[in-house]
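According to our numbering, the stretch in the sequence shown is residues 20 to 303, in order. For every residue, glycine included, the Cβ atom is placed at its ideal position computed from N, Cα and C. Since the model is a prediction, treat every value here as computed from it, not as a measurement. See structure below.
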Amino acid sequence: MQVEWCAPQAACVPGLACRGTRSAQCAGTVEGEERMAIWVTGDIHGGIDIAKLSYRRWPQGRLLTREDSVIIAGDFGMPWSGSNDELYWLDWLNNRPWTTLYVDGNHECYSYLEDLPVTERWGGKVQVYPEYPNIIRLMRGQVFDLPAEAARSTRRVFTMGGANSHDKEWRTPGWSWFPEELPSWDEYAEAERNLAAADWQVDLVISHCCATRWLPAVLPADSLAEGITTDALTTWFDDIEDRLSFRMWFFGHYHTDVMPDTRHRALYRDIVSVNELLAESGRA
Numbered sequence: 020m021q022v023e024w025c026a027p028q029a030a031c032v033p034g035l036a037c038r039g040t041r042s043a044q045c046a047g048t049v050e051g052e053e054r055m056a057i058w059v060t061g062d063i064h065g066g067i068d069i070a071k072l073s074y075r076r077w078p079q080g081r082l083l084t085r086e087d088s089v090i091i092a093g094d095f096g097m098p099w100s101g102s103n104d105e106l107y108w109l110d111w112l113n114n115r116p117w118t119t120l121y122v123d124g125n126h127e128c129y130s131y132l133e134d135l136p137v138t139e140r141w142g143g144k145v146q147v148y149p150e151y152p153n154i155i156r157l158m159r160g161q162v163f164d165l166p167a168e169a170a171r172s173t174r175r176v177f178t179m180g181g182a183n184s185h186d187k188e189w190r191t192p193g194w195s196w197f198p199e200e201l202p203s204w205d206e207y208a209e210a211e212r213n214l215a216a217a218d219w220q221v222d223l224v225i226s227h228c229c230a231t232r233w234l235p236a237v238l239p240a241d242s243l244a245e246g247i248t249t250d251a252l253t254t255w256f257d258d259i260e261d262r263l264s265f266r267m268w269f270f271g272h273y274h275t276d277v278m279p280d281t282r283h284r285a286l287y288r289d290i291v292s293v294n295e296l297l298a299e300s301g302r303a
């Protein structure tokens, strides 16, 4: 496939049940039972913020398997320039023991994504990286039934990537900035059709940006002083918030780790266990 490159840019652990054992640290885990884990984190920006997934910083990762998922909430950012550094990190991530899933953000090479074949997995549209089959983009407006813990065979997950770049006046269209960073009207329509088919009920929402109503809680003070800028996607999310039944909504983009309320989690450096977070909130 021709790629048009873009501009550079054993023990129990919290959130993961013991595999095949019972111990005091893992109350409630049945002998021989395996639980599929879903973890979520924020932007990695190619190789810039990927080190948080190293075993040194995140030892839980050693205990995951290919059936477990780590979802990146946008700004995956690879490949972009096709540099040796990028190829190293793609290979490194592909060889982690888990499966890496991501929704797109505003910092992606959309000319590369346009060329990727679209297939179906877990009930929704995905794009699998041909040379890195353990890296998968979860496309916009999809409802997936992802493998989850044994007590609940799947988690229903709605994905809607994209966000607005506030620095695009300093970027080059089609090179370091793409209008595709925001969903098209067809993608909004497909999202609403898929949510209607799911009776407007999901377990998780994974997006890159959030609804307008949460911006005061996640934007830095200097941005708030300049006034809140909305766009079609944050406004659409406001509408979806009022219509959709969900347990947790995870998003990245704002480079902060905060919970504006008990059902919303902004992520950047943190890597959180969905199973653990829902159990703590009583919504497992």
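1) Pair every Cβ in the region 261-275 with every Cβ in the region 188-198, then say whether three or more of these pairs are closer than 8 Å.
2) What are the partner residues of residue 146, as DSSP defines its beta bridges?
3) Helix or strand or just coil, what does DSSP make of residue 275?
4) Return helix, strand or coil for residue 235, following the three-state DSSP convention.
5) Around the Cβ of residue 87, are there at least 16 other Cβ atoms within 10 angstroms (buried) or fewer (exposed)?
6) For residue 148 and residue 181, what's the separation of their Cα atoms in angstroms?
7) Between the C-alpha atoms of residue 295 and residue 80, what's the straight-line distance to the nearest angstrom?
8) Straight-line CA distance for residue 72 to residue 191?
9) Considering only residues of the same chain and omitting the five flanking positions on each side of residue 69, which have a CB-CB separation below 6 Å?
10) Identify whether residue 122 lies in helix, strand or coil by the three-state DSSP scheme.
11) For residue 161, which residues does DSSP report across the bridge?
12) May I ask which residues mark the beginning and end of the beta strand (DSSP E) holding residue 60?
13) Can you give me the start and stop residues for the beta strand (DSSP E) that residue 139 sits inside?
14) Starting from residue 223 and walking both ways along the beta strand (DSSP E), at which residues does that stretch end?
15) Would residue 227 be called buried (16 or more neighbouring beta carbons within 10 Å of its own) or exposed?
16) Just to confirm before moving on: does the CB-CB distance between residue 188 and residue 160 stay below 9 Å?
17) What does a CB cutoff of less than 8 Å around residue 138 pick up in its chain, not counting 5 residues either side in sequence?
18) Classify residue 264 as helix, strand or coil using the three-state DSSP reduction.
19) Nearest to residue 117 by alpha carbon, out of 55, 101, 92 and 94?
20) Using only the alpha-carbon positions, how far apart do residue 275 and residue 239 sit?
21) Taking residue 216 as the reference, which of 175, 270 and 201 has the closest Cα?
22) Please work out which residues of its chain come closer than 8 Å, Cβ to Cβ, to residue 185, disregarding the five sequence neighbours upstream and downstream, and give them in chain order.
23) Considering only residues of the same chain and omitting the five flanking positions on each side of residue 125, which have a CB-CB separation below 6 Å?
24) Relative to the C-alpha of residue 97, which candidate in 84, 115, 90 and 132 has its C-alpha closest?
25) Just to confirm my understanding: we take residue 231, look at its own chain, exclude 5 residues before and 5 after, and list those with CB closer than 8 Å. What are they?
26) How many Å lie between residue 348 and residue 58 at the Cα?
Reading from the atomic positions:
1) No, because fewer than three Cβ pairs between the region 261-275 and the region 188-198 fall closer than 8 Å, the two stretches do not touch.
2) As a position in the sequence shown, residue 146 is number 127, starting the count at 1. For residue 146, which the question treats as bridged, DSSP gives the partners 156.
3) One-based indexing of the sequence shown puts residue 275 at position 256. In this structure, residue 275 counts as coil in the three-state DSSP scheme.
4) Walking along the sequence shown from the start, residue 235 turns up at place 216. It is helical.
5) On the sequence shown, position 68 is the one that residue 87 refers to. Buried is the call here.
6) In the sequence shown, the residue the question calls residue 148 occupies position 129. In the sequence shown, the residue the question calls residue 181 occupies position 162. Taking the straight line from one Cα to the other gives about 19 Å.
7) Position 276 of the sequence shown, counting from 1, holds the residue named residue 295. Position 61 of the sequence shown, counting from 1, holds the residue named residue 80. Roughly 15 Å between the two C-alpha positions.
8) On the sequence shown, residue 72 is found 53 positions in, with the first residue counted as 1. On the sequence shown, residue 191 is found 172 positions in, with the first residue counted as 1. About 31 Å.
9) As a first step, residue 69 must be located in the sequence shown, where it is residue number 50. Cβ within range, chain order: 63 and 108.
10) Taking the sequence shown and counting its residues from 1, one reaches residue 122 at position 103. Reduced to three states, the DSSP call for residue 122 is strand.
11) Translated into the one-based positions of the sequence shown, residue 161 becomes position 142. For residue 161, which the question treats as bridged, DSSP gives the partners 178.
12) In the sequence shown, counting from the first residue as 1, residue 60 sits at position 41. 57-60 is the span of the beta strand (DSSP E), which, as asked, contains residue 60.
13) On the sequence shown, residue 139 is found 120 positions in, with the first residue counted as 1. Here the beta strand (DSSP E) through residue 139 covers 138-140.
14) On the sequence shown, residue 223 is found 204 positions in, with the first residue counted as 1. First-last of the beta strand (DSSP E) with residue 223: 223-226.
15) Position 208 of the sequence shown, counted from the start, is the residue given in the question as residue 227. Buried: at least 16 other Cβ atoms inside 10 Å.
16) On the sequence shown, residue 188 is found 169 positions in, with the first residue counted as 1. On the sequence shown, residue 160 is found 141 positions in, with the first residue counted as 1. Pairing residue 188 with residue 160 gives a Cβ-Cβ distance that is not under 9 Å.
17) Numbered from 1 along the sequence shown, position 119 holds the residue referred to as residue 138. Here the set comprises 144, 145, 146 and 147.
18) In the sequence shown, the residue the question calls residue 264 occupies position 245. The answer is strand: DSSP assigns residue 264 an E or B state.
19) Indexing the sequence shown from 1 puts residue 117 at position 98. Checking every option, the nearest Cα to that of residue 117 belongs to 55.
20) Your numbering for residue 275 matches position 256 in the sequence shown. Your numbering for residue 239 matches position 220 in the sequence shown. Approximately 9 Å between the Cα atoms of the pair.
21) Residue numbering aside, residue 216 sits at position 197 when the sequence shown is read from its first letter. Among 175, 270 and 201, the Cα nearest to that of residue 216 is on 175.
22) Indexing the sequence shown from 1 puts residue 185 at position 166. Once the five neighbours on either side are set aside, the close Cβ partners of residue 185 are 248.
23) Here residue 125 corresponds to residue number 106 of the sequence shown, with the count starting at 1. Contacts found: 182, 184 and 200.
24) The residue given as residue 97 occupies position 78 in the sequence shown. The shortest C-alpha separation from residue 97 is found at 132.
25) On the sequence shown, position 212 is the one that residue 231 refers to. Scanning its chain for C-beta atoms nearer than 8 Å, with the 5 sequence neighbours on each side dropped, one finds around residue 231 the residues 247, 249, 253, 254, 256 and 257, in chain order.
26) Residue 348 lies beyond the range of the chain shown here (20 to 303); nothing can be said about it.
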